[in-house]
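Asker: In our numbering, the protein residues as written are 221 to 532. Quick reminder that beta carbons are idealized off the backbone N, C-alpha and C, glycines included.
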Ligand code: SF4
């Protein structure tokens, strides 16, 4: 059983925090309670596009039973290469209450999910926190996975202290210029380092059950981008040199070119086999063993789920 020694602290009241929202590093001050939206594109209402078993995460997250993925609308980053563009840019999906969100968690557990996988949760963390506390009091036992962008403040993640079980952290850039150009966030490397430190503080050592499913810990993902092996190596170096085997690395190659990338011809292609091999070889030469790598060719569109409101 997963125990979470959370406390219900009023300073994390969602309504108060969204009067003048400064949750994420954008600190744009949007009056989300009044229906206004900031960079993340969503007001204080929670929008979920899909809640279903998902089989395409790392093996220790999906296993054979699947991960209970809840896909939230909106995003604090504006990545030009986003594969979930329709979802990340605005209020898509169905509006749900905190109470309904906690029920969704319990329904996913009932369906056999290994965990509750909260996908792009950053801008809803105060509400998710409330829903998770409610679900725990209603009997939810499986771990939660905070599947986030790496672009968070220490204070935002601090709201999950004692409540988060696993962080699935997307560490995109060590190169600030590239972060600015492709995600509109030149401060990304600094924020990503700061947020990873907080994740490891909360979940310092990986723990697995007898089936090899992670129960506690931090996994850092890096999606290799075309022509950016140096950036990928810098991410690997930073994570491993700072945290060693305490953090798992997941090195991914499924970067997918599409029409909107015509303005960025230098990245409008698939990652080559050679580029990915160079990154993997670099990780191996460093002696990294706690890592996931991908086989086969790049992911196809069919790997992107339908945003049809299933399970919401
Ligand atoms: S969560 Fe959204 S509204 Fe709040 S500071 Fe970040 S981008 Fe702005």
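Using only alpha-carbon positions, find the residue among 278, 298 and 413 that is nearest to residue 289.
Answerer: As a first step, residue 289 must be located in the chain shown, where it is residue number 69. Considering only alpha carbons, the answer is 278.
Asker: Taking the continuous alpha helix (DSSP H) assigned at residue 504, which residues delimit it?
Answerer: Residue 504 sits at position 284 when you count from the first residue of the chain shown. 493-505 is the extent of the alpha helix (DSSP H) around residue 504.
Asker: For residue 453, collect the residues of the same chain with a Cβ closer than 6 Å to its Cβ; drop the 5 residues on either side in sequence, then sort them by chain order.
Answerer: The residue given as residue 453 occupies position 233 in the chain shown. Around residue 453: 502.
Asker: Hey, could you find the ends of the alpha helix (DSSP H) residue 321 is sitting in?
Answerer: Mapped onto the chain shown, residue 321 falls at position 101. 318-330 is the extent of the alpha helix (DSSP H) around residue 321.
Asker: Which class does residue 365 belong to by DSSP, given the choice of helix, strand or coil?
Answerer: In the chain shown, residue 365 corresponds to position 145, counting from 1. Residue 365: strand per DSSP, three-state reduction.
Asker: Flag residue 296 as yes when its Cβ comes closer than 7 Å to any non-hydrogen atom of ligand 1, and as no otherwise.
Answerer: Residue 296 sits at position 76 when you count from the first residue of the chain shown. Yes; taking the cut-off as 7 Å, the Cβ of residue 296 has a heavy atom of ligand 1 nearer than that.
Asker: What did DSSP end up calling residue 465 once you bin it into helix, strand or coil?
Answerer: Translated into the one-based positions of the chain shown, residue 465 becomes position 245. Helix at residue 465.
Asker: Grab me the residues of residue 519's own chain with a C-beta within less than 7 Å of its C-beta, minus the 5 sequence neighbours each way, in chain order.
Answerer: Looking up residue 519 in the chain shown gives position 299. For residue 519, the predicted structure reports a pLDDT of 43, less than 50, and the residue's modelled location is therefore unreliable. The matter cannot be settled from this model.
Asker: Hey, is residue 307 close to ligand 1, as in C-beta under 7 Å from one of its heavy atoms?
Answerer: The sequence position of residue 307 within the chain shown is 87, counting from 1. No, Cβ of residue 307 sits at least 7 Å from all heavy atoms of ligand 1.
Asker: Express the C-alpha separation of residue 348 and residue 600 in angstroms, rounding to a whole number.
Answerer: Nothing can be reported for residue 600, as the shown portion of the chain is limited to 221 through 532.
Asker: So which of 353, 461, 397 and 364 has the shortest CA-CA distance to residue 282?
Answerer: Taking the first residue of the chain shown as position 1, residue 282 is located at position 62. Ranking the options by Cα distance to residue 282, first place goes to 364.
Asker: Considering only residues of the same chain and omitting the five flanking positions on each side of residue 305, which have a CB-CB separation below 8 Å?
Answerer: As a first step, residue 305 is located in the chain shown; it is residue number 85 there, counting from the start. Cβ neighbours of residue 305 beyond the five flanking positions: 480.
Asker: In whole angstroms, give me the CA-to-CA distance for residue 258 and residue 239.
Answerer: On the chain shown, residue 258 is found 38 positions in, with the first residue counted as 1. On the chain shown, residue 239 is found 19 positions in, with the first residue counted as 1. Roughly 12 Å separates the two Cα atoms.
Asker: Would you mind listing the alpha helix (DSSP H) stretches within the stretch 390-460 that are 4+ residues and don't spill past its ends, in chain order?
Answerer: List check, alpha helix (DSSP H) in window: 396-403 and 408-422.
Asker: Tell me whether residue 495 is buried or exposed, calling it buried when 16 or more other Cβ atoms sit within 10 Å of its Cβ.
Answerer: Translated into the one-based positions of the chain shown, residue 495 becomes position 275. Flag for residue 495 reads buried.
Asker: Quick one: Cα of residue 396 to Cα of residue 292, how far?
Answerer: Position 176 of the chain shown, counted from the first residue, corresponds to residue 396. Position 72 of the chain shown, counted from the first residue, corresponds to residue 292. Straight-line Cα distance between these residues: approximately 27 Å.
Asker: Please write down, chain order preserved, every residue whose beta carbon lies under 6 Å from a heavy atom of ligand 1.
Answerer: Answer in sequence order: 241, 242, 243, 244, 246, 247, 248, 250, 252, 258, 259, 260, 296 and 343.
Asker: Does the stretch 483-495 come close enough to the stretch 442-450 that 3 or more CB-CB pairs lie under 8 Å?
Answerer: Judged by Cβ distances under 8 Å, the stretch 442-450 makes contact with the stretch 483-495, as three or more pairs qualify.
Asker: Grab me the residues of residue 250's own chain with a C-beta within less than 7 Å of its C-beta, minus the 5 sequence neighbours each way, in chain order.
Answerer: As a first step, residue 250 must be located in the chain shown, where it is residue number 30. Counting only Cβ-Cβ distances below 7 Å, and skipping sequence neighbours, we find 241, 256, 257 and 258.
Asker: Would you mind working out which of 390, 413 and 420 sits nearest residue 382, comparing C-alpha positions?
Answerer: Residue numbering aside, residue 382 sits at position 162 when the chain shown is read from its first letter. The shortest C-alpha separation from residue 382 is found at 420.
Asker: Expressed to the nearest angstrom, what Euclidean distance is found between the alpha-carbon atoms of residue 380 and residue 231?
Answerer: The residue given as residue 380 occupies position 160 in the chain shown. The residue given as residue 231 occupies position 11 in the chain shown. Going from the Cα of residue 380 to the Cα of residue 231 covers about 13 Å.
Asker: State the beta-bridge partners of residue 274 as determined by DSSP.
Answerer: Position 54 of the chain shown, counted from the start, is the residue given in the question as residue 274. Residue 274 is bridged to 287.
Asker: From which residue to which residue does the beta strand (DSSP E) around residue 338 run?
Answerer: By 1-based counting over the chain shown, the position of residue 338 is 118. Looking at the DSSP string, the run of the beta strand (DSSP E) that includes residue 338 is 336-339.
Asker: Do you know how far the Cα of residue 430 is from the Cα of residue 247?
Answerer: In the chain shown, residue 247 corresponds to position 27, counting from 1. In the chain shown, residue 430 corresponds to position 210, counting from 1. C-alpha separation (whole angstroms): 42 Å.
Asker: Tell me whether the beta-carbon of residue 372 lies closer than 8 Å to the beta-carbon of residue 260.
Answerer: In the chain shown, the residue the question calls residue 372 occupies position 152. In the chain shown, the residue the question calls residue 260 occupies position 40. Going by C-beta atoms, residue 372 is not nearer than 8 Å to residue 260.
Asker: If you check the beta carbons only, do residue 295 and residue 415 fall under 8 Å apart?
Answerer: Residue mapping note: residue 295 aligns to position 75 of the chain shown, counting from 1. Residue mapping note: residue 415 aligns to position 195 of the chain shown, counting from 1. Cβ atoms of residue 295 and residue 415: not closer than 8 Å.
Asker: Measuring straight from C-alpha to C-alpha, what distance separates residue 332 and residue 274?
Answerer: On the chain shown, position 112 is the one that residue 332 refers to. On the chain shown, position 54 is the one that residue 274 refers to. Distance between the alpha carbons of residue 332 and residue 274: 11 Å.
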